[in-house]
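**Q** For reference, each letter of the sequence shown is one residue, going 23 to 317 in the numbering used here.
Quick reminder that beta carbons are idealized off the backbone N, C-alpha and C, glycines included.
Quick one: structure below, then a few questions.
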Amino acid sequence: MGVARNNHSSSGPLFALLAYGVWGLFPYYWSQLDGVAAIEILLHRILWSLPVVVLFLLLTDNINKIKQLFDNKKVILTLCISATLISVNWLTFLFAISSNRILDSSLGYYLGPLVNILLGVVLLKERLRTVQWVAVGLAAIGVLIRALSASEIPWIALVLAFSFSLYGLVRKQLQVNSILGLTMEMILLAPLVITAIIILSVNGLLNFGFPLDSIDLLLILGGPVTVLPLVWLVSAAKRMNYSTLGFFQFITPTGHFILAVVVFNEVLDGSHLFAFGFIWSALLLYSSDHLRRVK
């Protein structure tokens, strides 16, 4: 029993590392689709994710739960909202890659945990401790520095942070597991996706076609590439303390940051460093406070 439990717990961090590590490498994968519009990549990402999640539900004997969810109009409405939010998040992220603004995507995903705190206050009427207010304040200063230096609001970072945090908040209201929820979202989006693909094809704007080339294969593989990290994250969550799992989430924006500077040669100027410095300080404060309270 002791050995089994040890293997069970040790596999949790491995699954978490796989999930957040792959998400951290996403800018490199999607950048290989250079020349394909962000909106078409999004359409294929949704389209090819659907058979993967359906297959996973079949293998885990959960496929019958889809019909049960369709019988609940409130659940369907909530999933429509979450599907919209995740689509906005994915499209914004793909736009960030295609426009060489991966540093902004990194900033957005670093902001995520702090936006969660803010949404808790605004929407859930939660009360913050002083240290949490300080963390949110530091993050706000970081965003302000980036806005003033770039002469524009860092909208990519803000849209990514708020869309993903709102998505998590909406999904939290449902007693639906992650894979089943994603399956429902893809099903609900499928009619719109297929219609959009037909319109693009009719107007000669679709890159995808037969015979398949390397770009087409990357678009198709975007389905399993999207779903597998989520499956790994679910596996990690079953094997780890949730508070411990939360610290792995910083792997993703760190991966984006490194790729932006080292691989894509994005300019890391003083304003970026100041902005990231304030946000990293906020996250350090937030994480240390969280760790202290969990112990």
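Put methionine 262 into one of helix, strand or coil per three-state DSSP.
**A** Coil.
**Q** For methionine 262, I'd like the list of residues in its chain whose CB is within less than 6 Å of its CB, leaving aside the five on either flank, ordered along the chain.
**A** Here the set comprises Gly34.
**Q** The alpha helix (DSSP H) with aspartate 56 in it runs from where to where?
**A** Element bounds for aspartate 56: n/a, residue is neither H nor E.
**Q** Nearest CA to the CA of histidine 66: which residue from Gln90, Leu47, Gly226 and Gly244?
**A** That would be Gly244, whose Cα lies nearest to the Cα of histidine 66.
**Q** Under three-state DSSP, which class holds aspartate 83?
**A** Coil.
**Q** Nearest CA to the CA of aspartate 56: which residue from Ser293, Ile209, Asp238 and Leu196?
**A** The candidate whose alpha carbon is nearest that of aspartate 56 is Asp238.
**Q** Provide the residue span of the alpha helix (DSSP H) that contains glutamine 271, from first to last.
**A** Glutamine 271 -> no alpha helix (DSSP H), and no H or E assigned at all.
**Q** Alpha carbon to alpha carbon, how far is phenylalanine 78 from serine 71? Give it in angstroms, no decimals.
**A** Distance between the alpha carbons of serine 71 and phenylalanine 78 is about 11 Å.
**Q** Going along the chain, which residues of its own chain have a beta-carbon closer than 7 Å to the beta-carbon of tryptophan 112, five neighbours each way excluded?
**A** The answer, listed in chain order, is Leu64 and Arg67.
**Q** Specify the secondary structure class of leucine 307 as computed by DSSP and reduced to three states.
**A** DSSP places leucine 307 in helix when its eight states are reduced to three.
**Q** Are the beta-carbon atoms belonging to alanine 161 and leucine 145 less than 7 Å from one another?
**A** No.
**Q** Excluding the 5 residues flanking serine 303 on each side, which residues of the same chain have their C-beta closer than 6 Å to its C-beta?
**A** Only Leu160 meet the Cβ criterion.
**Q** In angstroms with no decimal places, state the Cα-to-Cα distance between isoleucine 163 and phenylalanine 300.
**A** Between isoleucine 163 and phenylalanine 300, the C-alpha separation is close to 7 Å.
**Q** Going by the CB atoms, is the gap between serine 257 and aspartate 37 shorter than 7 Å?
**A** For the sequence presented, residue 37 should be read as phenylalanine rather than aspartate. Contact flag set, yes.
**Q** Do you know how far the Cα of serine 293 is from the Cα of threonine 100?
**A** If I take the Cα positions, the gap works out to 39 Å.
**Q** Going along the chain, which residues of its own chain have a beta-carbon closer than 6 Å to the beta-carbon of isoleucine 46, five neighbours each way excluded?
**A** Checking the sequence, you will find glycine at residue 46 rather than isoleucine. Around glycine 46: Ile273, Thr274 and Gly277.
**Q** Less than 7 Å between the beta carbons of leucine 307 and alanine 157, yes or no?
**A** Yes.
**Q** Taking DSSP as the reference, what is the three-state secondary structure of valine 249?
**A** If DSSP states are grouped into helix, strand and coil, valine 249 belongs with the helices.
**Q** Quick one: give me the first and last residue of the alpha helix (DSSP H) that lysine 96 is part of.
**A** Run containing lysine 96: 95 to 120, per the alpha helix (DSSP H) assignment.
**Q** Measure the alpha-carbon distance for serine 104 versus serine 185 and round it to whole angstroms.
**A** Going by the C-alpha atoms only, they are around 9 Å apart.
**Q** So, with DSSP's three-state summary, where would you put alanine 218?
**A** Alanine 218 falls in the helix class under three-state DSSP.
**Q** In whole angstroms, what separates the C-alpha of leucine 40 from that of glutamine 271?
**A** Each residue's alpha carbon lies about 11 Å from the other.
**Q** On the three-pair Cβ rule with 8 Å, is the region 188 to 195 touching the region 80 to 97?
**A** No: fewer than three Cβ pairs fall under 8 Å.
**Q** Could you check the C-alpha separation between serine 223 and leucine 211 for me, to the nearest Å?
**A** When rounded, the distance between both Cα atoms is 18 Å.
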